[in-house]
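Protein chains in written order, with the working numbering: chain A, 1 to 449; chain B, 450 to 898; chain C, 899 to 1386; chain D, 1387 to 1874. First the structure, in the form of structure tokens, and then the observations on it.
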Ligand SMILES: Cc1ncc(COP(=O)(O)O)c(C=O)c1O
Ligand SMILES: Cc1ncc(COP(=O)(O)O)c(C=O)c1O
């Protein structure tokens, strides 16, 4: 399949190359390992493979069939049809990194607009062309902060309310580096507000990382934390849910030095966890320390406005081991999808979605809090996710919910031993009041039983 | 939705027009009928409408869930993914008829290639840019033949084995014209071969219309019929299933003067009956009498090869009541889809599909013929459809098949009172041997019961 | 660099897609009936995708620019339509499935029939016709059948205003009717005096486009209809221009007996480079029984627990079948989607803004381009594309020059009653900024026409190809890859 | 005519999509935490579609032309991949759903792990890494963890040939390793003498690309690996060039301990204008326990009646998590689709024809372009883009001139060890005709370089934009719509 060579082509080409058969091309390959038989199923035609994949897909239950109250880092939002209509276009889909700007103005201008939208959303000054996801974006923020101080500050404070998977990823990335990660140990007080991190900041601290809304859905103004960090020369990174920024004060206005985030809610399908989109924005003084690609506006030799990858001396292909990161392939097409999403919704549409999430989540929280056996874990303000204390283990409730075609919330005991019987519930514009009432009704069964 | 006007835009525009409010634009409309309230459901957002349409679609059982043995004019073939990838492209999807060739070379060259492929497939000399479907293509063939003889021949002979819906359509179209339709009356011998039509041909006959494979799936060489028609100065039109032409002798080589056909099998989704594609090809001497659009190759004023709609003096927008037909909008995008399909499969792929249909249908027929109570209605050669005599009414069998997730064949008693308990079964490359064996098994239940 | 033709890049032995080996025993192929050669091109999937992607770049389309083609309602085609129409539950249902298995499809069709009745003010609707012209044929055949059902056989005359679209006379001719052309009056209306003269006992009906192809709402439409009815005729409405009337007036209310809808104009289904369209027909109560078969009806009524059972119904005096199956179902899904997203107020807003856009654009250019009928227009207008002081410049030259400014030209030379007609339909989905830019280009071109007419005569300059040799095309008739000429 | 930026066509009050009114009671918005301004653009759906459709036309892509970008394996991306990855059962599953509800996804991932093990000759595979570089990081961290698990803490040296891709040293640096660059020998192989000198007790490993970035299969690869292993080091394989080896040789068989796969190169998932990729990592048996968590395993074995229960497993000494969730699942579906369509013989045919195409193209141009390492190449080759008798012409000029002939240029200036490198990777999905046309253009350009060099220096001429002022871009740093410069 997908090889256009006819027998005649092959014969003519072998003649030109001056060999007799295809096998002759591989004389450099150690003979005893040459041409292994691969134990793979027989090749399928397109007709067969689509049938097989359809069958595999049908073996899943999707959020089209289940009412989804699961979030914890990936959210079920509505994706406008226009997003897919654009990213399916072969000119975007089958191009590569715009190394040759004369042939890549489409991709380049799209990245430029992505940068513009993310800067607008976060209130920051500069944004790169994407990281792999929200987790690796935080890991790169840690690397950048560490490099920023040329190794002279090694403490990185992680909020315990930073997504556990992000913290795990940061830990993996930090394995080979001298940084010390702290703040999120088992003794951390999960109820404490962000100011509780302030005492941990010292002159050896490179970065404080918090999340907004935090993993438990809570929203805090981090201005005070930023000021405290800055007072001691440290930086503040805030990992965001971009949908929340449709409504909430931008982290740039709280004094964040770096804003990272998981861009998935911006029009990207859940797709069982990926590909997603790592947002990364910072202040202009750090632009040369930032990882990732960057598009800048310039002119061509005909005097036309045009776009080009810029400040490439930060990158691996130029700087090799001195690069700001090893990232090469990024999330290009997903960044494009998010740009189309942000542009379609715009100022008012994103606010509308954010408000829907907010109101629906608060309705759900209010109704659940009324149930005997259930209560809200935190009195803090929240956006569209909240923690509920449950009368029985979360997994039991979720089994029951599943029987009613409801995908229940996230079982926090998986990451926080103290939060046994605590469920993290996410609500989006996709959850109708009917869904929510059904959820409440099934929860009632447990509270009564 | 889809109206970009802001309040400010509207105010400025009303000012320019010199009126105060939108209502003032409609003073010519009789006041008593102006601004009715339409009793329609409240407007839905995209998010809601997709959910609603999904629910409506889910209320159907599709041939994805049912093993389909239903044909009778529409067939379940595999559609390569590349077809949809092309026809989704906005440049093809949202253009209109290529009246301005300088801005429409994409559509024009595609039509040119459609014409080329259909000519190759049918063995004819010229093909138009499409009719609505297989039925209206036959109706237009009748009109063309009638016009060809300037009203001097009024008899049109329809084979009783021409798709009943096509015959009905021809009758509707012919209502206002002097043509006399004959040959397919209730007394027609359905078992007779096409030569039985020869005695009906006389000097007053304009056209004989047959189908290939015929409605019962049978294939005949129409060469003799063509010669007989020509001997008396009449024309022969053959309505084809284009997939069959991947394997079978082209009607152009049998002496057909007109070849029409239903293009749906060429990569067009079943879509509950439309939009489909009316194929229409003929001989060069009739090119000026043909209905529909036609693209010709030419050059532009820069010396480049280019394409343009040609012989437009046949059409309604030029000739008005003297036009060869009233057709204006045709099946452009569907013709493009079929062109992509034919080009992907090409010479060998179409043969492959045709052979698969042939072999699988014959396997099914052989197995069914073995069952007690069932027999093949006709000993004639067939392509991928055949008629089975059933022990009980077809509708009863079909109910049972449906219980086993099988979409049974077409109940011929609907159109042919004589063919009570006769089922027309279609088999394509989409029917696995397993499907066929299941079908046979369920049929056995009835033969035994 | 022109794109080669597929036959030119075909290489023997290539194949863009392959299929499984048969899983059943082989049967001998039918003797003497197997074709020897199948001269289709042989290409890889990449060849095909690359070729058509490149060809697509040679097209102008709504998705790439402003397309104010008069009479065609080139409004934005929402992308969501393309999704809903492809839901497998719709796209993979066979038209002859038992109705029990396609209740979703039938419910959708039934509801769409109801909505179109409501929008148009009709008592019955068929969704079968494939396009506008097909709807016209349906409608005229219904009128014919109506008269015949009353034994009123002499009625064979159809009146058609001189501004009508070519499909109207062509349709009437196909229906075996006699056509009499009606002159328009000085305000672009049907000339009542002329009409009165034709209102005799042979009158079968009038085909009226309202707003007409000048973009004008007939100021005497009620009187026109009254006269026709009084003479025993039926009034057919060419609904191509319904975009101007949504929620403004229901044609059925003012007396139209039959009308076709163009879903591919008014209801946003894509034009597809020439089609497919969809042309449902609405009729007044006295014509319901003549509708083509089948239409969708309720076979068993529902109740609080059960939905109704939908199925197909054949009207008692049906003119018969207009085509295979039940109409362009895929287009019906798109139109259903579109109407669902609008509701009453949304539909009215479409008409209001379509008409506002037309009048706004007209206001911007009317000092420069002669407007033969100076009235408030509806959703489109027609100006003259020539000036007495620049007689060598024609509407066609203006159109070609517009391409250099990256616009699709208006419709040219239609309607026939306007000298050098430029027929402009802005549609409601275009913004003020776009209209301003288009008007600026038109004004600039008017200036060029007077001062540097060669810019227009030689236009277009910036398109993939320049003006074409149409005579050569018609003379040589090269209509297929690899065939030098039809008359070889 | 440049396409405006979105912020330039934004108009206050426009909105491309809207959402339902809340169906729940309102809650007071959080005091002090509500943003005042959200300066996103305001556009209609048409604005957005038209803008991005037009922008797309400014791109070169596989779907529009030949894209022989070295090291990137720009093969055809089958359209069926885009369909399967969008099946709702895949696209709309949440990564944290109970495993019972996503057995389809898990089965697919498990099978893909098995297939990649089989194709690469490895004992374990993780699908988590997001791209090649991310796979490298995973692999080097695994090597590091392996040594540490054996208390072999002093091993901090990673050897990297001078021909390696920039991600190799960058990755090693990120992993806290010390990097020593290895010179290549005169035949483009690892220089064994140099290697021997570095094989000491601080050796953590070697990162080897084989075939290397010169497109050459290391003639002593077994010896190289033996030396590293003998010194206690691990061999990391940069699998970017696996397309040359499918079914030809399994890297695991010749001793590679770890290797990343690039699904976006070898297995046809689209490059997307820069991503997303997918970089699964395979490891030999002794490294399985270090794989990042989680990987997909069988929790309960199946039998004749029941399928197995798939779930997530954490290897006992896992290096931890490399990112959120389970990898780029959407890309995994595409790669699974692609591998399914090939099987054993099909995969081998890919490598054979990729290598045939490279050698064929090389044969056509090698008399004209200097080939620094004159050997049979694998799937790609590197020539010099300069001639002693036309010194003012550089590889970059040749590349720009290729654009005028409607080709995408090869990779420029990489690998660093070749003077004025032009790195050409034809891929197997391109036809002989395309290679012939590309070779003809290269030969023509070589001629132009000698006789009319300005054609190259001023190229490209036919592209939407000409050469760009990169200095200005870096100096002024205009990185956002509406912001004149970053340092305002
Ligand atoms: C006024 C008018 N009537 C009828 C038609 C015919 O409609 P269709 O092209 O859908 O057959 C058109 C289409 O262009 C038209 O503009
Ligand atoms: C040889 C080589 N190694 C590594 C990489 C990095 O892979 P990725 O871009 O997927 O991160 C590349 C990609 O361009 C490459 O060519």
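Note that the Cβ used here is the ideal one computed from N, Cα and C, for glycine as well.
With 7 Å set as the bound, which would you pick, yes or no: does the beta-carbon of residue 1432(D) sit closer than that to a beta-carbon of chain C?
Taking the fourth chain and counting its residues from 1, one reaches residue 1432(D) at position 46. For residue 1432(D), the answer is yes, since a Cβ of chain C falls inside 7 Å of its Cβ.
Taking only heavy atoms of ligand 2 into account, decide whether any of them is closer than 6 Å to the Cβ of residue 1648(D).
Indexing the fourth chain from 1 puts residue 1648(D) at position 262. Indeed, a heavy atom of ligand 2 lies less than 6 Å from the Cβ.
Residue 1755(D) to residue 1847(D), Cα distance in whole Å?
On the fourth chain, position 369 is the one that residue 1755(D) refers to. On the fourth chain, position 461 is the one that residue 1847(D) refers to. Cα to Cα, the separation comes out at about 23 Å.
Need the endpoints of the beta strand (DSSP E) that residue 1809(D) sits in, please.
On the fourth chain, residue 1809(D) is found 423 positions in, with the first residue counted as 1. That run of the beta strand (DSSP E) goes 1807-1810.
Neighbourhood of residue 438(A) by C-beta, 7 Å cutoff - its chain only, sequence neighbours within 5 removed:
For the purposes of this step, residue 438(A) is taken as residue 438 along the first chain, with counting starting at 1. Excluding residues within five positions, the ones whose Cβ falls inside 7 Å are 67, 404, 406.
Taking Cβ-Cβ distances below 8 Å as the criterion, which residues of the segment 1328-1343 of chain C are in contact with chain D?
1328, 1329, 1331
What residue does the alpha helix (DSSP H) around residue 87(A) start on, and which one ends it?
Stepping through the first chain from its first residue, residue 87(A) is reached at position 87. Here the alpha helix (DSSP H) through residue 87(A) covers 81-87.
Counting only C-beta atoms, is residue 878(B) closer than 7 Å to chain D at any point?
For this step, residue 878(B) is matched to residue 429 along the second chain. So, not an interface residue.
Can you give the Cα-Cα distance for residue 358(A) and residue 243(A), rounded to whole angstroms?
For this step, residue 358(A) is matched to residue 358 along the first chain. For this step, residue 243(A) is matched to residue 243 along the first chain. Rounded to whole angstroms, residue 358(A) to residue 243(A) spans 10 Å at the Cα level.
So the candidates are 1239(C), 1194(C), 1117(C), 1366(C); which of them puts its Cα closest to the Cα of residue 993(C)?
For the purposes of this step, residue 993(C) is taken as the residue at position 95 of the third chain. Residue 993(C) has its Cα closest to that of 1194(C), out of 1239(C), 1194(C), 1117(C), 1366(C).
Does chain A have any CB closer than 7 Å to the CB of residue 907(C)?
Position 9 of the third chain holds residue 907(C). Chain A, which has no Cβ nearer than 7 Å to the Cβ of residue 907(C), makes this no.
Spatial neighbours of residue 1274(C) in its chain, beta-carbon cut-off 8 Å, leaving aside the 5 residues before and after:
In the third chain, counting from the first residue as 1, residue 1274(C) sits at position 376. If we look at residue 1274(C) and ignore the five residues flanking it on each side, its Cβ neighbours are 1257.
Could you name the residues of chain D that residue 456(B) contacts, counting a contact when the two beta carbons are closer than 7 Å?
Start at 1 with the first residue of the second chain, and residue 456(B) comes out as number 7. Neighbours of residue 456(B) on chain D, chain order: 1399.
Report the rounded CA-to-CA distance for residue 724(B) versus residue 524(B), giving the unit in angstroms.
Taking the first residue of the second chain as 1, we reach residue 724(B) at position 275. Taking the first residue of the second chain as 1, we reach residue 524(B) at position 75. C-alpha separation (whole angstroms): 13 Å.
Just curious, the alpha helix (DSSP H) that residue 958(C) is in, first and last residue?
For the purposes of this step, residue 958(C) is taken as the residue at position 60 of the third chain. Residue 958(C) -> no alpha helix (DSSP H), and no H or E assigned at all.
Which runs of the alpha helix (DSSP H) at least 4 residues long sit entirely within the segment 688-732 of chain B? Give them in chain order.
none
Please go through the same chain and pick out, in chain order, the residues whose beta-carbon is closer than 7 Å to the beta-carbon of residue 896(B), but skip the five residues on each side of it.
Numbered from 1 along the second chain, position 447 holds the residue referred to as residue 896(B). 820, 821, 822, 823, 840.
Determine the burial state of residue 515(A): buried for a count of at least 16 other Cβ atoms within 10 Å of its Cβ, exposed for fewer.
Lying outside 1 to 449, the shown extent of chain A, residue 515(A) is not represented and no answer is given.
Residue 500(B) - containing beta strand (DSSP E), residue span
Walking along the second chain from the start, residue 500(B) turns up at place 51. No beta strand (DSSP E) holds residue 500(B); the alpha helix (DSSP H) holding it covers 495-507.
Of the listed residues 127(A), 95(A), 8(A), nearest to residue 283(A) (C-alpha basis)
One-based indexing of the first chain puts residue 283(A) at position 283. Residue 127(A) is the option with its Cα nearest to residue 283(A).
Please tell me whether, using a cut-off of 6 Å, the distance from the CB of residue 1268(C) to the nearest non-hydrogen atom of ligand 1 is below it.
Working through the third chain from its first residue, we reach residue 1268(C) at position 370. No, the Cβ of residue 1268(C) stays beyond 6 Å of every heavy atom of ligand 1.
Report the option in 485(B), 781(B), 591(B) whose CA atom is closest to the CA atom of residue 657(B).
In the second chain, the residue the question calls residue 657(B) occupies position 208. Per the Cα distances, 591(B).
Run through chain B and tell me which residues come within less than 8 Å of residue 46(A), C-beta to C-beta.
Locating residue 46(A) in the first chain gives position 46, where the first residue counts as 1. Those are 527, 529, 530, listed as they occur along chain B.
With a cut-off of 7 Å, does the C-beta of residue 1326(C) fall near any C-beta of chain B?
Residue numbering aside, residue 1326(C) sits at position 428 when the third chain is read from its first letter. Yes, because at least one Cβ of chain B sits closer than 7 Å to the Cβ of residue 1326(C).
What does a CB cutoff of less than 7 Å around residue 1434(D) pick up in its chain, not counting 5 residues either side in sequence?
Position 48 of the fourth chain, counted from the start, is the residue given in the question as residue 1434(D). Around residue 1434(D): 1402.
Could you tell me which chain C residues have their CB closer than 8 Å to the CB of residue 2(A), listed as they occur along the chain?
The residue labelled residue 2(A) in the question sits at position 2 within the first chain. Correct list: 942, 943, 944.
Which listed residue (1060(C), 1071(C), 1104(C), 1106(C)) has its alpha carbon closest to that of residue 1084(C)
Working through the third chain from its first residue, we reach residue 1084(C) at position 186. Minimum Cα distance to residue 1084(C) is reached at 1060(C).
Hey, is residue 578(B) close to ligand 1, as in C-beta under 6 Å from one of its heavy atoms?
Position 129 of the second chain, counted from the first residue, corresponds to residue 578(B). The answer is no for residue 578(B).
From this set, 1613(D), 1590(D), 1576(D), 1827(D), which residue's C-alpha is nearest residue 1538(D)'s C-alpha?
Indexing the fourth chain from 1 puts residue 1538(D) at position 152. Out of 1613(D), 1590(D), 1576(D), 1827(D), 1590(D) has the C-alpha closest to the C-alpha of residue 1538(D).
With H, G and I counted as helix, E and B as strand and the rest as coil, what does DSSP make of residue 1386(C)?
By 1-based counting over the third chain, the position of residue 1386(C) is 488. Caution applies to residue 1386(C), whose pLDDT of 49 falls short of 50 and renders its modelled position unreliable; the model cannot decide the point.
From 1692(D), 1393(D), 1739(D), pick the residue whose C-alpha is nearest to that of residue 1461(D); which is it?
Position 75 of the fourth chain, counted from the first residue, corresponds to residue 1461(D). Looking at the Cα atoms, 1739(D) is the closest of the given residues.
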